[in-house]
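What follows is a single structure, written as structure tokens, with notes after it.
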Amino acid sequence: MDVEFANQELDRLETDLDFNAGFSSAVVRVYRKRMQMIRAAVDERAFYAMRSLHFEKLKGDRSHQHSIRLNKQWRLILELNKRGRNTVVVIVDIEDYH
Numbered sequence: 130m131d132v133e134f135a136n137q138e139l140d141r142l143e144t145d146l147d148f149n150a151g152f153s154s155a156v157v158r159v160y161r162k163r164m165q166m167i168r169a170a171v172d173e174r175a176f177y178a179m180r181s182l183h184f185e186k187l188k189g190d191r192s193h194q195h196s197i198r199l200n201k202q203w204r205l206i207l208e209l210n211k212r213g214r215n216t217v218v219v220i221v222d223i224e225d226y227h
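Heads up, the sequence shown is in our numbering, so the first residue is 130 and it goes up one at a time.
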């Protein structure tokens, strides 16, 4: 899948090993693993198939977004945009859900 970032810090967090954006090393490590999974996926059905991701569509004013759980506290917020036959995953934010 193609990936874009709404926040340049999240782009840097994936690639710069010395950058943590204020998150714990455990959250950064899981974020990088999730990014590998996202990049390797053919389409969003792969996210639903990997039950450990806890991939879910959000509700209310965020009904256009989805989340993937990083741990019990933190979630990766993303949007799925169709561009022709391709799906582009836009990484929006990492949010505390507690």
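Just so you know, even glycine gets a beta-carbon here, dropped at the ideal spot from N, CA and C. Keep in mind that this is a model prediction, so the values were computed, not measured.
Own chain residues within Cβ distance below 7 Å of A150, not counting five before or after: Excluding residues within five positions, the ones whose Cβ falls inside 7 Å are E138 and L142.
Burial state of H195, where buried means 16 or more other Cβ atoms lie within 10 Å: By the 10 Å Cβ count, H195 comes out buried.
Enclosing beta strand (DSSP E) for S192 [first to last residue]: Careful: S192 lies outside any beta strand (DSSP E) and carries neither H nor E.
Residue environment, F148, which counts as buried when at least 16 other CB atoms sit within 10 Å: With fewer than 16 Cβ atoms within 10 Å of its Cβ, F148 is classed as exposed.
N- and C-terminal bounds of the beta strand (DSSP E) containing L205: For L205, the uninterrupted beta strand (DSSP E) run begins and ends at W203 to R212, by DSSP.
Inter-stretch contact (C-beta, 8 Å, three-pair minimum) for the stretch 184-194 and the stretch 203-212: With the cut-off at 8 Å, the stretch 184-194 and the stretch 203-212 touch.
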